[in-house]
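> This is the structure I have questions about; it appears just below.
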Ligand code: XMP
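In full-length UniProt numbering, the protein residues as written are 207 to 539.
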């Protein structure tokens, strides 16, 4: 629509003015905010933008390929994909504590991004390289890092974000979404040509599957979880609610699968199985501070359970999480 087009023109002009003929580097995560920021900045300055996509190996099924297809393929943006999954798995080996896992993932993310930024610069001797670091900071993040957050007495979970990175890299900040609320960011994304499904995705935590595999993270667990979770999400998108006509994906605020590293006994054909358990989690919330577990239709749960158990060898039991927040949190770690 023309209102949004006007906003885009204005934002594009502001970015061009701020950046001039300098270069920008941006950490692409596949999340909504960094994706919309990348699309907007690319619209403004094209090849003066380089996106760095750090793949920590804890993404959802095919997510890395989808990000590349969208940004490098469709938008023709410069994107460097760094496959750091082995490094992340190695550093996470033997680590069980959720907060420690978050810290390790956050630290490695910064390390890998910094190394890549330096590599890009070294590859072009004589050039200044990037002088701006772009971030998908949105208005609620700005408020959170001001007054509200510091008043909180207890940190329940340390949400890693890439704080302090611009200073460490000696870069200026470019934050074109700073004044926007989430719904405005989404509208902007659609207007910039990003697919509706990408822009209206449920939130996904920075540490990714790292906090959805309870305890120690292993590649075997991540691979099983990715396949089970893809089935759950696919069925949520397939199932429509008769009353509203909406899909259950759109009727829930966040839905995902959690990997439990315990084995239980099952039976398949005339054999006994002894395999892993997963939990399905789906919540409804307006602010993610409190949340109700979603009353998914039994038919949906039944379909998801039977598909996971039949299609993902290694998982023989599916449970549904009926805990609200508080006292439970949305994620299990
Ligand atoms: P909890 O589990 O605290 O989650 O009820 C509330 C919301 O925050 C997300 N979450 C995270 N996001 N890094 C993130 O970027 C994190 O470490 C993290 N932990 C939780 C969670 O997915 C939910 O949307």
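Every residue gets a Cβ at the ideal spot worked out from N, C-alpha and C, and that includes glycine.
1) To which residues of the same chain is residue 481 closer than 7 angstroms at the C-beta, ignoring the five residues directly before and after it?
2) Mind reading off the beta-carbon distance from residue 383 to residue 445? Whole number of angstroms is fine, and I expect it under 8 angstroms.
3) Can you tell me whether residue 261 is buried or exposed, with buried defined as 16 or more other CB within 10 angstroms of its CB?
4) Reducing DSSP to helix, strand and coil, say where residue 320 ends up.
5) Would you identify the three-state DSSP class for residue 243, choosing helix, strand or coil?
6) Shorter than 7 angstroms, the distance from the beta carbon of residue 231 to the closest heavy atom of the ligand XMP, or not?
7) Excluding the five sequence neighbours on either side, which residues of its own chain have a C-beta within less than 6 angstroms of the C-beta of residue 222, listed in chain order?
8) Are there 16 or more other CB atoms within 10 angstroms of the CB of residue 427, so buried, or fewer, so exposed?
9) Throw me the rounded Cβ distance for the residue 225 and residue 254 pair, which I believe falls under 8 angstroms.
10) Rounded to the nearest angstrom, what separates residue 406 and residue 477 at their Cα positions?
11) Regarding residue 460 and the ligand XMP, is the C-beta to nearest heavy atom distance less than 7 angstroms?
12) Going by CA-CA distance only, name the one from 448, 527, 394 that's closest to residue 207.
13) With DSSP run on the structure shown, which of helix, strand or coil describes residue 543?
14) Could you pull out every residue in the same chain whose Cβ sits closer than 6 angstroms to the Cβ of residue 234, ignoring the five residues on either side in sequence?
15) Verify the contact flag: residue 412, CB atom, against every heavy atom of the ligand XMP, threshold strictly below 7 angstroms.
16) Using 10 angstroms around the beta-carbon of residue 387, count the other beta-carbons present and answer buried if the total reaches 16, otherwise exposed.
17) Below 8 angstroms between beta carbons: does that hold for residue 441 and residue 509?
18) Please work out which residues of its chain come closer than 8 angstroms, Cβ to Cβ, to residue 263, disregarding the five sequence neighbours upstream and downstream, and give them in chain order.
19) Should residue 494 be counted as a contact of the ligand XMP given a C-beta to heavy atom distance under 7 angstroms?
20) Identify whether residue 534 lies in helix, strand or coil by the three-state DSSP scheme.
21) Whole angstroms are fine: how far does the CA of residue 496 sit from the CA of residue 275?
22) Give the list of continuous beta strand (DSSP E) stretches no shorter than 3 residues that lie fully inside the stretch 502-534.
23) Once the 5 residues before and after residue 423 are set aside, which same chain residues still bring their CB inside 6 angstroms of it?
24) State the Cα-Cα distance for the pair residue 277 and residue 474, rounded to the nearest angstrom.
25) CB residue 430 to CB residue 418, shorter than 8 angstroms?
26) Hey, would you say the C-beta of residue 238 is under 7 angstroms away from at least one heavy atom of the ligand XMP?
27) So if DSSP puts residue 460 in a beta bridge, which residue, or which two residues, is it bridged to?
28) Buried or exposed, going by whether 16 or more other CB atoms sit within 10 Å of the CB of residue 313?
29) Tell me the DSSP secondary structure of residue 289 in three-state form.
Well, looking at it:
1) 469, 472, 520, 521, 522
2) 32 angstroms between Cβ atoms; not a contact.
3) Under a 10 Å Cβ-count criterion, residue 261 is classified as buried, with 16 or more other Cβ atoms of the shown protein chains found around its own Cβ.
4) helix
5) helix
6) no
7) 250
8) buried
9) Correct: roughly 7 angstroms between the Cβ atoms.
10) 43 angstroms
11) Residue 460: yes, Cβ under 7 angstroms from the ligand XMP.
12) Cα-wise, what sits closest to residue 207 is 394.
13) A query on residue 543 cannot be resolved here, the shown segment of the chain reaching from 207 to 539 and no further.
14) In its chain, beyond the 5 residues on either side, 240, 244, 257, 259 have a beta carbon closer than 6 angstroms to the beta carbon of residue 234.
15) yes
16) exposed
17) yes
18) 289, 290, 291, 292, 294, 295, 425, 428
19) Checking the Cβ of residue 494 against the ligand XMP gives yes.
20) Of the three classes helix, strand and coil, the one that applies to residue 534 here is coil, per DSSP.
21) Between residue 275 and residue 496, the C-alpha separation is close to 35 angstroms.
22) 521-526
23) 298, 416
24) 43 angstroms
25) no
26) no
27) Residue 460 pairs with 489.
28) exposed
29) strand
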